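Enquirer: To start, I am sharing the structure in question, which I have written as structure tokens.
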Amino acid sequence: MSTDGNSSNIGIECIQGGAKLNAYQVRRYELCAESLYVTKMKPPPEETVIFPPEITLHEHRVQWKLYDGNRFTHLELTCPPTSFCDNPAVTATLNHTTITLSSLTIPPTPTLASKFISDGAHLALWNSEGKLNLVCDSKESASSLNCTVNTDCECEPAENKVHCACTDVPITDIFENEVQNRFPVLRPWITFKPLEHDPTIATAYVPTFTTAEFIIHTKERFNKVVTDVTNSVCRVNNAIAKGCYQCPQGAESKIVCTTDGLPVMASIRCDDTHFTVPCSPEGAESTLRFVHTLARMRKVCDVNCGSTTTTFEITGILQWTRTIHSSAKKILMGESTLYDEFVLPDFGHIFDVLFEWYKTFFATMVVFVAAIVIGYLFIWKCSQPPTDWLKGSYVELDKDGFIKVDCNFKTTANNIYAIGDVVSAPLPLWNIDSINIQHLQTAQSHGQMLGYSILGYEYPHELVPFFWVTFFFEFGIQFSGCTQGSDQTIVHGSLEGMDFAKYFLKNDVVVAVASAGPIPTAVQFIEIFKRSIKITREDVLRNVTKDWMAWLNN
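Heads up, our numbering is the position in the sequence shown plus 23, with the first residue counted as 1.
In structure tokens:
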């Protein structure tokens, strides 16, 4: 109780569900209790003010201001929380009916006091208890560096210096690593989402507010019984279940019940679960809800609205929504007192899915390898392209059976283009009018160059053939260029040790390079060929390091 030290006739006292006021000879008062505001002129000497349940359910602060002429009195006190219903098991009797309030559930209002953090485009829950090093009142204050610096450091002297260990709160980790706190935040008891038109404003959705469970006992005497017998046939089509398993929301399935007669109520039995749903000739939609413990759900249900019983199936794959983190957090925050929150997922379903995935993966790999082998064995017989069907057509072939194309991959037939391993195309950087190159990288480059030519653009650079091969995914050989017409070779390094660079020269100029080892000489020569940098025999003899980056940087 809080009283005025100058008068024993003025005081305020916390009572069940409100406050008791003693205001003797007071002209006016103002009472504030969180969101409640009460003011009264010439109040009675004694008065009781009742607060709404949303205030009394938690510890609340009450302020009382009294005005009596020139005198002002300010009293305040903190009242403890009070139960919304002191005796939930008390039974009320009405005629021949008894009603008992067995349980009362309130929404998780403490969660609505959560703190949020935004980066201007996204929102997240702020659960860190650490002290922020830099706090600004607004965005404008942050821009002008008008902020408050908070330090959380432990310092120790060290000769003429001071060593300090400061706590750093990684704010960006909330958006990058803590996925469970990023909006939208979905919990069984509440959902946080950003406002549709402003992603920096948080909105909360509580699916279930205050709920009560009543037990009703009725004892009546019936003087007349009317029996109405129907013999309709009700049917329900197979349905799909959606939702989660091992969770409070459970799974639900939408069904449509039809009957061949007048609208009736049908009885549905799915294992040990029973439902009563409406049926009509046009079809009446209903929702069946289940609590399931496994991911795979399959229930065979019976439905009848007369003497004939029909069956239908409800099947579905349910989702796993619980985590150990969220379950522990609910218990620690007082949002749940159920210690069976810690439940495990359906490992049998997980292993089955992984096993099926691996079987599909290996089967795909076998088919892929078989397709490659068959392609090389049967399609490319004796290295001859499958172009026999083009002989005698408007598409010209060379002496080896490859399709002749120009630098834009046009064939001799109008508006017909060809690319890939079946063509013989020019290689301008080597002054070659027509050559066939069969390799994955070359075929991919053909597709890109054809796209440019069809659109009427020049390709950014000419084609440079590049090949590679690996042994046991460890040792590899790389090759770039074209050896057609080469007349000499120079080798630096060790061929046996797989650390070498072999240069192919034509008229004392490098036209191709094969290399292996830590220095990718062949890769460097891709850019050298693109830039038309001439590397002579003397240059190769002088540079025994196999590294040509200096030539590219000049």
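Backbone N, C-alpha and C define an ideal beta-carbon position, used for all residues, glycine too.
Computed from a prediction, not measured in an experiment: that's the story for all the values here.
Note the first and the last residue of the continuous beta strand (DSSP E) segment covering residue 217.
Expert: On the sequence shown, position 194 is the one that residue 217 refers to. Residue 217 -> beta strand (DSSP E) spans 214-217.
Enquirer: Tell me whether residue 86 sits in a helix, a strand or coil according to DSSP, three-state version.
Expert: Counted from its first residue, the sequence shown places residue 86 at position 63. Note: residue 86 maps to strand in three-state DSSP.
Enquirer: When you compare the region 237-245 with the region 158-171, are there three or more beta-carbon pairs, one atom per stretch, that lie closer than 8 Å?
Expert: Taking 8 Å as the limit for Cβ pairs, the verdict is that the region 158-171 does not touch the region 237-245.
Enquirer: Using the Cα positions of residue 79 and residue 105, report the straight-line distance between them to the nearest angstrom.
Expert: Reading the sequence shown from its first residue, position 56 is the one you call residue 79. Reading the sequence shown from its first residue, position 82 is the one you call residue 105. Taking the straight line from one Cα to the other gives about 6 Å.
Enquirer: Using only the heavy atoms of the ligand HEM, determine whether one of them is closer than 7 Å to the beta carbon of residue 208.
Expert: As presented, the structure is devoid of all ligands, the ligand HEM included, so that no description of it is given.
Enquirer: Between 32, 41, 38, 576, which lies nearest to residue 47 when the distance is taken from Cα to Cα?
Expert: Taking the sequence shown and counting its residues from 1, one reaches residue 47 at position 24. Looking at the Cα atoms, 32 is the closest of the given residues.
Enquirer: Sorted by chain position, which residues of the same chain lie with C-beta nearer than 8 Å to residue 191's C-beta, five sequence neighbours on each side aside?
Expert: Here residue 191 refers to the residue found at position 168 when the sequence shown is read from its first residue. Only 156 meet the Cβ criterion.
Enquirer: Looking only at C-alpha atoms, which of 114, 60, 424, 335 sits nearest to residue 410?
Expert: Position 387 of the sequence shown, counted from the start, is the residue given in the question as residue 410. It is 424 whose Cα lies nearest to the Cα of residue 410.
Enquirer: Any idea what DSSP makes of residue 278, helix, strand or coil?
Expert: Within the sequence shown, the letter at position 255 stands for residue 278. Looking at residue 278 - three-state DSSP - the assignment turns out to be strand.
Enquirer: Whole angstroms are fine: how far does the CA of residue 205 sit from the CA of residue 488?
Expert: Within the sequence shown, numbered from 1, the residue matching residue 488 stands at position 465. Within the sequence shown, numbered from 1, the residue matching residue 205 stands at position 182. Taking the straight line joining both Cα atoms gives about 48 Å.
Enquirer: Looking at residue 445 and residue 426, is the spacing between their C-beta atoms short of 8 Å?
Expert: On the sequence shown, residue 426 is found 403 positions in, with the first residue counted as 1. On the sequence shown, residue 445 is found 422 positions in, with the first residue counted as 1. Closer than 8 Å, so yes.
Enquirer: List the endpoints of the continuous alpha helix (DSSP H) containing residue 45.
Expert: Walking along the sequence shown from the start, residue 45 turns up at place 22. Premise fails: residue 45 lies in the beta strand (DSSP E), 41-46, not in any alpha helix (DSSP H).
Enquirer: Inspect the beta-carbon positions of residue 256 and residue 331 and report whether they are closer than 8 Å.
Expert: For the purposes of this step, residue 256 is taken as residue 233 along the sequence shown, with counting starting at 1. For the purposes of this step, residue 331 is taken as residue 308 along the sequence shown, with counting starting at 1. Taking 8 Å as the Cβ cut-off, residue 256 and residue 331 qualify as a contacting pair.
Enquirer: Ordered along the chain, which non-local residues of its own chain (more than five positions away) have a Cβ less than 7 Å from that of residue 316?
Expert: Taking the sequence shown and counting its residues from 1, one reaches residue 316 at position 293. Here the set comprises 268, 269.
Enquirer: Is the distance from the Cβ of residue 306 to the Cβ of residue 323 below 8 Å?
Expert: Taking the first residue of the sequence shown as 1, we reach residue 306 at position 283. Taking the first residue of the sequence shown as 1, we reach residue 323 at position 300. Not a contact, by the Cβ cut-off of 8 Å.
Enquirer: With C-beta atoms as the reference, is residue 485 less than 8 Å away from residue 452?
Expert: Within the sequence shown, the letter at position 462 stands for residue 485. Within the sequence shown, the letter at position 429 stands for residue 452. For residue 485 and residue 452, yes; Cβs fall inside 8 Å.
Enquirer: Going by the CB atoms, is the gap between residue 476 and residue 552 shorter than 8 Å?
Expert: Numbered from 1 along the sequence shown, position 529 holds the residue referred to as residue 552. Numbered from 1 along the sequence shown, position 453 holds the residue referred to as residue 476. Their beta carbons are not under 8 Å apart, which means residue 552 does not touch residue 476 by this criterion.
Enquirer: In this structure, does DSSP put residue 563 in helix, strand or coil?
Expert: Residue 563 sits at position 540 when you count from the first residue of the sequence shown. Reduced to three states, the DSSP call for residue 563 is helix.
Enquirer: What does residue 180 pair with, by DSSP beta-bridge criteria?
Expert: Mapped onto the sequence shown, residue 180 falls at position 157. BP columns for residue 180 point to 185.
Enquirer: Let me know if residue 547 comes out buried or exposed under the rule of 16 or more other beta-carbons within 10 Å of its beta-carbon.
Expert: Sequence index remark: in the sequence shown, residue 547 carries index 524 (1-based). Buried, since its Cβ has 16 or more Cβ neighbours within 10 Å.
Enquirer: In chain order, which continuous runs of the alpha helix (DSSP H) of length 4 or greater are located wholly inside the region 368-429?
Expert: If we require 4 residues or more, the alpha helix (DSSP H) runs fully inside the region 368-429 come out as 370-397.
Enquirer: Under 8 Å by Cβ, that's how I've got residue 513 and residue 526 pegged, so tell me the actual separation to the nearest angstrom.
Expert: Start at 1 with the first residue of the sequence shown, and residue 513 comes out as number 490. Start at 1 with the first residue of the sequence shown, and residue 526 comes out as number 503. The pair is a contact, with the Cβ atoms about 5 Å apart (cut-off 8 Å).
Enquirer: Going by Cα to Cα distance, which pick from 558, 230, 49 is closest to residue 533?
Expert: By one-based count along the sequence shown, residue 533 stands at place 510. Checking every option, the nearest Cα to that of residue 533 belongs to 558.
Enquirer: Anyone know if the C-beta pair for residue 189 and residue 175 falls short of 8 Å?
Expert: Indexing the sequence shown from 1 puts residue 189 at position 166. Indexing the sequence shown from 1 puts residue 175 at position 152. Yes, the Cβ-Cβ distance between residue 189 and residue 175 is below 8 Å.
Enquirer: According to DSSP, simplified to helix, strand and coil, what is residue 509?
Expert: Within the sequence shown, the letter at position 486 stands for residue 509. Residue 509 falls in the coil class under three-state DSSP.
Enquirer: On the CB-based measure, 16 or more other CB atoms within 10 Å of its CB, does residue 200 come out buried or exposed?
Expert: Working through the sequence shown from its first residue, we reach residue 200 at position 177. The residue in question, residue 200, is exposed, as its Cβ has fewer than 16 Cβ neighbours within 10 Å.
Enquirer: Please name the residue, chosen from 69, 565, 56, that lies closest to residue 76 on a Cα-to-Cα basis.
Expert: As a first step, residue 76 must be located in the sequence shown, where it is residue number 53. Among 69, 565, 56, the Cα nearest to that of residue 76 is on 56.
Enquirer: By DSSP, does residue 546 sit in helix, in strand, or in coil?
Expert: Counting from 1 along the sequence shown, the entry for residue 546 is found at position 523. In this structure, residue 546 counts as helix in the three-state DSSP scheme.
Enquirer: Assuming residue 447 and residue 457 form a contact by the criterion Cβ under 8 Å, report the distance between their Cβ atoms to the nearest whole angstrom.
Expert: Within the sequence shown, the letter at position 424 stands for residue 447. Within the sequence shown, the letter at position 434 stands for residue 457. That belief holds up - the Cβ atoms of residue 447 and residue 457 are roughly 5 Å apart, short of 8 Å.
Enquirer: According to the neighbour-count rule (16 or more other Cβ atoms, all chains shown, within 10 Å of its Cβ), is residue 209 buried or exposed?
Expert: Sequence index remark: in the sequence shown, residue 209 carries index 186 (1-based). The residue in question, residue 209, is exposed, as its Cβ has fewer than 16 Cβ neighbours within 10 Å.
Enquirer: Applying the 10 Å Cβ sphere with the 16-neighbour rule, what's the burial state of residue 382?
Expert: The residue given as residue 382 occupies position 359 in the sequence shown. Counting Cβ neighbours within 10 Å, residue 382 comes out exposed, since fewer than 16 surround it.
Enquirer: Beta carbon of residue 100, beta carbon of residue 35: below 8 Å?
Expert: By 1-based counting over the sequence shown, the position of residue 100 is 77. By 1-based counting over the sequence shown, the position of residue 35 is 12. Closer than 8 Å, so yes.
Enquirer: Taking the straight line between their C-alpha atoms, what separation do you get for residue 421 and residue 570?
Expert: Taking the first residue of the sequence shown as 1, we reach residue 421 at position 398. Taking the first residue of the sequence shown as 1, we reach residue 570 at position 547. Cα-Cα distance, rounded: 39 Å.
Enquirer: Rounded to a whole number of angstroms, what is the C-alpha to C-alpha distance between residue 416 and residue 437?
Expert: For this step, residue 416 is matched to residue 393 along the sequence shown. For this step, residue 437 is matched to residue 414 along the sequence shown. About 12 Å.
Enquirer: Distance check for residue 320 and residue 339, CA to CA, integer angstroms please.
Expert: Translated into the one-based positions of the sequence shown, residue 339 becomes position 316. Translated into the one-based positions of the sequence shown, residue 320 becomes position 297. Taking the straight line joining both Cα atoms gives about 5 Å.
Enquirer: Alpha carbon to alpha carbon, how far is residue 296 from residue 142?
Expert: To locate residue 296, count along the sequence shown from 1; it is residue 273. To locate residue 142, count along the sequence shown from 1; it is residue 119. About 48 Å.
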